[in-house]
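Asks: In the working numbering, the protein residues as written are 33 to 361. Heads up, the beta-carbon is just placed ideally off N, CA and C, and yes, glycines get one too. Because the structure is a prediction, the values reported are computed rather than measured. Sending over a structure as structure tokens; questions will come in a sec.
Shown next as structure tokens:
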């Protein structure tokens, strides 16, 4: 039984000296997946499955590049060609800020302001924004249930949905489904409608693969490339124009990940959150010391600049504080 103090303030209460391996899962079970969505999601992403969440979000973003209209915007922006590592680090850190500090914290609002202003520079449809949001929900949940050291508690699944739905509302993304199953059906139908090969998919996909390979010594980069390609499904491979991996290669890649999870299952419970200071970025050594979320991303634009012409039709940044909360649904 989790004490009331823990239930009211789950991440500020003192963790027992020798917590059981199921301490965080049991705490999650005592919380409300709607009212406590942010706390539950932080437990899942920063305490229980930090490595899995980071890998799954990488694949989630990779999946969005299979949509030609998304990859075309990224190709136009040029960041994957000119500064792929910075682009990767900016995205990872901004999302980590939201999880670590909360969407309504000072740093969370500042992070959302940066995200909204970057999107406002380009023509992006509401459906594309909605699809990207959906991948942040479902890819990690499916990855963890298939490959994590334990299966997710139902509260963790619902909390992830409500957390990212709140993010989407603050980005003024319209027509976000109210139910988890409804959103999943929308996402599947959208993929069936728009997933197809495009040269820009292939371009952005290869830039990203090259970046991931660059993190490792030259001698093992061909193996890393094959391993990453083995983790994507056949629909993604076709949309990128990549060869489908041999079943034995895909099986070996996932077997290695599941072997890791069997080992992690015996680790002691994590007492310290894996947050922005633990995010493996190569652009901002020593982050977060001396940095603010506003330092991340390309040079931001003002709402006046955005209104001057073009830009994403989703009305980002219309609230007084710049977070986009003014028109949230």
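Out of 52, 73, 156, which one is the CA nearest neighbour of residue 108?
Replies: Among 52, 73, 156, the Cα nearest to that of residue 108 belongs to 156.
Asks: Starting from residue 301, trace the alpha helix (DSSP H) in both directions and tell me its first and last residue.
Replies: From DSSP, residue 301 is part of no alpha helix (DSSP H); its letter is neither H nor E.
Asks: Please report how far the alpha carbon of residue 209 lies from the alpha carbon of residue 241, in whole angstroms.
Replies: 32 Å
Asks: Measure the alpha-carbon distance for residue 53 versus residue 169 and round it to whole angstroms.
Replies: 25 Å
Asks: Which of the three DSSP states is assigned to residue 209 in this structure?
Replies: coil
Asks: Report the three-state DSSP secondary structure of residue 81 (helix, strand or coil).
Replies: coil
Asks: Less than 8 Å between the beta carbons of residue 135 and residue 198, yes or no?
Replies: yes
Asks: Would you decide whether residue 248 is buried or exposed? Buried here means 16 or more other CB atoms lie within 10 Å of its CB.
Replies: Residue 248 is exposed by the Cβ-count criterion.
Asks: Can you check which of these residues, 137, 91, 118, 173, is closest to residue 77 by C-alpha distance?
Replies: 173
Asks: Quick one: what does DSSP say residue 287 is sitting in, helix, strand or coil?
Replies: In the three-state reduction of the DSSP assignment, residue 287 falls in the helix class, which pools H, G and I.
Asks: Is the beta carbon of residue 139 within less than 7 Å of some heavy atom of the ligand GDP?
Replies: Annotation note on the ligand GDP: not contained in the displayed structure, which lists no ligands.
Asks: Let me check understanding here. Comparing Cα to Cα, which of 325, 298, 264 lies closest to residue 96?
Replies: 264
Asks: What alpha helix (DSSP H) runs, 4 residues minimum, are completely inside the region 142 to 223?
Replies: Runs of the alpha helix (DSSP H) lying entirely within the region 142 to 223 and spanning at least 4 residues, in chain order: 158 to 179, 186 to 202.
Asks: On the three-state DSSP scale, how would you describe residue 239?
Replies: helix
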